[in-house]
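To start, the structure under review is shown below, and the notes come after it.
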């Protein structure tokens with residue numbers, strides 16, 4: 465996927481990937497491998513072109529299925545920046561107890577182990 469493609473093309477790509485991940489029922493490190501294959505190297509410009517609702521759905525899906533997406537200071541960070549930052553890390557992040565507690569308090573954990 466060329467980051468210079470249209471917003472619509474990028475949004476459709478992210479939606480199709482998200483639908484595929486949901487059907488696979490993978491989570492945690494296994495899901496991380498698929499996501500890395502599809503999105504490694506995608507920067508904030510790429511994620512900024514994706515529709516805001518799709519970006520948010522993607523971030524929610526990640527956290528609910530064990531992929532850590534660090535909230536930016538005071539929760540004021542752009543979702544595009546959050547996703548781009550955390551998907552640029554090449555290894556699966558093992559959650560700390562503080563991270564688990566934060567996302568549990570904010571409704572972000574569901575399926576992770």
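In our numbering, the protein residues as written are 465 to 577.
Here a beta-carbon is modelled for each residue, glycine too, at the ideal position from N, C-alpha and C.
| Check | Outcome |
| --- | --- |
| Can you tell me which of the three DSSP states residue 534 falls into? | coil |
| Cβ atoms of residue 551 and residue 504: under 8 angstroms apart, would you say? | yes |
| Looking at residue 531 and residue 496, is the spacing between their C-beta atoms short of 8 angstroms? | yes |
| Which whole runs of the beta strand (DSSP E) in the stretch 476-535 are 3 residues long or more, in chain order? | none |
| Using DSSP with H/G/I as helix, E/B as strand and the rest coil, what is residue 553? | coil |
| Taking the straight line between their C-alpha atoms, what separation do you get for residue 479 and residue 528? | 17 angstroms |
| List the whole-angstrom C-beta distance separating residue 567 from residue 544, where the pair is believed to meet the contact cut-off of C-beta under 8 angstroms. | About 19 angstroms; that fails the 8 angstroms criterion. |
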